[in-house]
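Start counting the sequence shown at 511; every next residue gets the next number (my numbering). Below is one structure, written out as structure tokens, with a few remarks after it.
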Amino acid sequence: MLETWNEPKRVEGLSKVKVQAAFASGVISAALGDDGFVWVWGSSKGGQLGLGKGITNSALPSKLSGEEIVKVSLGWGHALALAKDGNLFGWGYYVNGRIGKIGRELEISPLESNSTKLRSREEFSAIEAAEKSVMEAIEKEKDMPIIWDPGSIEELHELKVVDVACGLDHSLVVFCDGTLFSGGSNVYGQLGRATKDLGLGPVHIRFRPITIASGLRHSLAVCNNPSSEATQDATSVVSRGWNQSSQLGREGPTEIPQVVEGLAGEIPVSVSGGRAHSLALTAKKEVWAWGSGRNGRLGLGTLLMKLNLCWLNIWKVLKLFKLLQGWIIVLQGFFASSNYQVLL
């Protein structure tokens with residue numbers, strides 16, 4: 511039986527921990543103390559807890575041993591932790607190189623070789639398609655290889671990492687020199703690179719990432735503006751990956767990192783990706799939203815999937831109303847000549 515609570519409760523077991531940040535995935539939660547220790551709780555058969563081989567449940571927070579950590583990012587079934595010295599650690603599902611190489615050969619996921627892009631807009635809504643895809647992933651990845659304990663990512667040794675972000679089944683990493691790496695599933699072009707090499711590899715773009723974020727299967731980055739005429743503080747949001755609900759905020763090739771032109775004139779400072787929508791925070795302390803508006807998640811006063819669909823529906827209604835007006839005028843004339851009245 512599923513247990514839910516409709517009122518916030520303080521997490522037990524952290525009373526002596528000065529929590530600096532908290533994180534959540536689909537099945538586990540994590541907290542980062544001011545001493546750099548990571549605490550985890552929840553349930554994950556994919557080793558996302560990082561508590562050791564075969565440990566899949568922890569009803570109360572349990573402390574991970576290891577380096578002093580400054581940031582944690584959780585995907586579905588995998589996790590990355592950035593240490594204060596710039597080293598990166600990963601654990602959980604170990605397919606497609608979503609957490610890089612850690613002590614064993616990389617393996618490709620059956621999802622990557624057998625999957626097809628979800629393109630139908632008629633059979634499923636964008637969110638239903640995403641949820642269906644996640645359930646299929648859960649079923650197919652039950653027997654995937656697992657890294658049960660946090661391990662240092664081999665291909666990133668000697669490189670100083672400054673930011674990390676995990677999507678459903680892919681990861682992004684930024685280094686101190688602005689180099690961007692990506693790894694994991696690339697079914698929707700979310701990695702932003704054409705090479706099919708497993709593991710974490712470089713994304714060749716003309717933008718310099720400052721901070722990054724991952725949605726379900728799309729990727730976002732706040733980058734320095736490459737224009738020579740731009741001021742030093744000018745930034746742009748660059749997106750790539752799944753775009754069924756316009757969560758990229760732009761048209762054009764989805765697998766190639768491109769600028770979200772709708773934010774021209776703004777100075778984005780951070781971004782966040784949901785399942786099928788995106789958010790950006792600007793230097794003016796304003797939040798901008800785009801993508802799926804289902805359930806009002808965009809905060810734009812509509813529950814519709816997308817605003818452009820709203821305008822399309824209004825136009826169709828107006829055309830239908832004009833057509834009906836014409837028929838009413840005809841019928842009024844007919845009934846008037848026949849001693850009948852039409853009540854409008």
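Here a beta-carbon is modelled for each residue, glycine too, at the ideal position from N, C-alpha and C.
{"Query": "Output the boundary residues of the beta strand (DSSP E) element that contains A591.", "Result": "588-593"}
{"Query": "Leaving aside the five residues before and after W586 along the sequence, list all residues of the same chain whose C-beta is less than 6 angstroms from its C-beta, in chain order.", "Result": "G536, L678"}
{"Query": "Could you tell me whether the Cβ atoms of A531 and L524 are closer together than 9 angstroms?", "Result": "no"}
{"Query": "For A790, collect the residues of the same chain with a Cβ closer than 6 angstroms to its Cβ; drop the 5 residues on either side in sequence, then sort them by chain order.", "Result": "V747, P778, V781, W798"}
{"Query": "Provide the residue(s) that pair with C686 in DSSP beta bridges, ordered along the chain.", "Result": "Looking at the DSSP assignment, C686 forms no beta bridge with any residue, so it has no partner."}
{"Query": "Is it the case that the segment 696-704 contacts the segment 611-620, given that we only count it when at least three CB pairs across the two stretches are under 8 angstroms?", "Result": "no"}
{"Query": "Compute the Euclidean distance between the alpha carbons of S554 and T566, then round it to the nearest angstrom.", "Result": "5 angstroms"}
{"Query": "So if DSSP puts I722 in a beta bridge, which residue, or which two residues, is it bridged to?", "Result": "A731"}
{"Query": "May I ask you to report which of helix, strand or coil DSSP gives E776?", "Result": "coil"}
{"Query": "Out of H787, W658, A593, which has the shortest C-alpha to C-alpha gap to G556?", "Result": "W658"}
{"Query": "By the three-class DSSP mapping on this structure, what secondary structure does S738 have?", "Result": "Its pLDDT being 47, under 50, S738 is placed unreliably in this model, and the value from its coordinates should be taken loosely. Residue state, collapsed to three classes: coil."}
{"Query": "If you reduce the DSSP assignment to three classes, tell me which class G806 lands in.", "Result": "helix"}
{"Query": "Less than 6 angstroms between C-beta atoms, sequence neighbours within five positions excluded: which residues of the same chain meet that for V684?", "Result": "V672, D673, L690, P719, I722"}
{"Query": "Hey, how far is the Cα of K794 from the Cα of E776?", "Result": "8 angstroms"}
{"Query": "Which of the three DSSP states, helix, strand or coil, is assigned to L710?", "Result": "coil"}
{"Query": "Which residue comes first and which comes last in the beta strand (DSSP E) that contains P571?", "Result": "567-574"}
{"Query": "Comparing C-alpha positions only, which one of E522, F547, R785, K563 sits nearest to L602?", "Result": "The sequence shown places Gly at residue 602, rather than the Leu named in the question. Considering only alpha carbons, the answer is K563."}
{"Query": "Going by the beta-carbon positions, is the gap between L598 and G610 smaller than 9 angstroms?", "Result": "yes"}
{"Query": "Which residues in the same chain have their Cβ closer than 8 angstroms to the Cβ of D743, if we skip the five residues on either side of it in sequence?", "Result": "I777, A793"}
{"Query": "For R760, count the other beta carbons within 10 Å of its own beta carbon; 16 or more makes it buried, fewer makes it exposed. Which is it?", "Result": "buried"}
{"Query": "Rank V521, V582, H680 by C-alpha distance to the C-alpha of G546 and give the top, closest one.", "Result": "V582"}
{"Query": "Quickly, what does DSSP pair K794 with across the bridge? List them, please.", "Result": "Per DSSP, none; premise fails for K794."}
{"Query": "Mind checking who V671 pairs with in its DSSP beta bridge?", "Result": "F685"}
{"Query": "Assuming G784 contacts R807 under a Cβ cut-off of 8 angstroms, what Cβ separation, rounded to an integer in Å, is found between them?", "Result": "7 angstroms"}
{"Query": "Pick out whichever of T745, G596, V548, A569 has its Cα sitting closest to the Cα of A589.", "Result": "V548"}
{"Query": "Whole beta strand (DSSP E) runs in the segment 517-568 with 3 or more residues, listed along the chain?", "Result": "529-534, 538-543, 548-553"}
{"Query": "Between S788 and G725, how many whole angstroms is the CB-CB distance? I'm expecting something under 8 angstroms.", "Result": "6 angstroms"}
{"Query": "If Q754 and G762 are in contact, beta carbons under 8 angstroms, what's the gap, nearest whole angstrom?", "Result": "Rounded, the Cβ-Cβ distance is 15 angstroms, inconsistent with contact."}
{"Query": "Residue range of the beta strand (DSSP E) that F599 falls in?", "Result": "598-603"}
{"Query": "Given P660, which residues of its chain have a CB within under 6 angstroms of its CB, disregarding the five upstream and five downstream residues?", "Result": "G560, G576, F599, W601"}
{"Query": "Check R631 in the structure and name its three-state DSSP category.", "Result": "With a pLDDT of 45 at R631, under the threshold of 50, the modelled position of that residue is not reliable, and no figure is offered here."}
{"Query": "Please check the pair W800 and G772, which I expect to be a contact at CB under 8 angstroms, by giving their CB distance rounded to whole angstroms.", "Result": "7 angstroms"}
{"Query": "Whose C-alpha, out of E765, P518, S749, is nearest the C-alpha of L860?", "Result": "Residue 860 lies beyond the range of the chain shown here (511 to 854); nothing can be said about it."}
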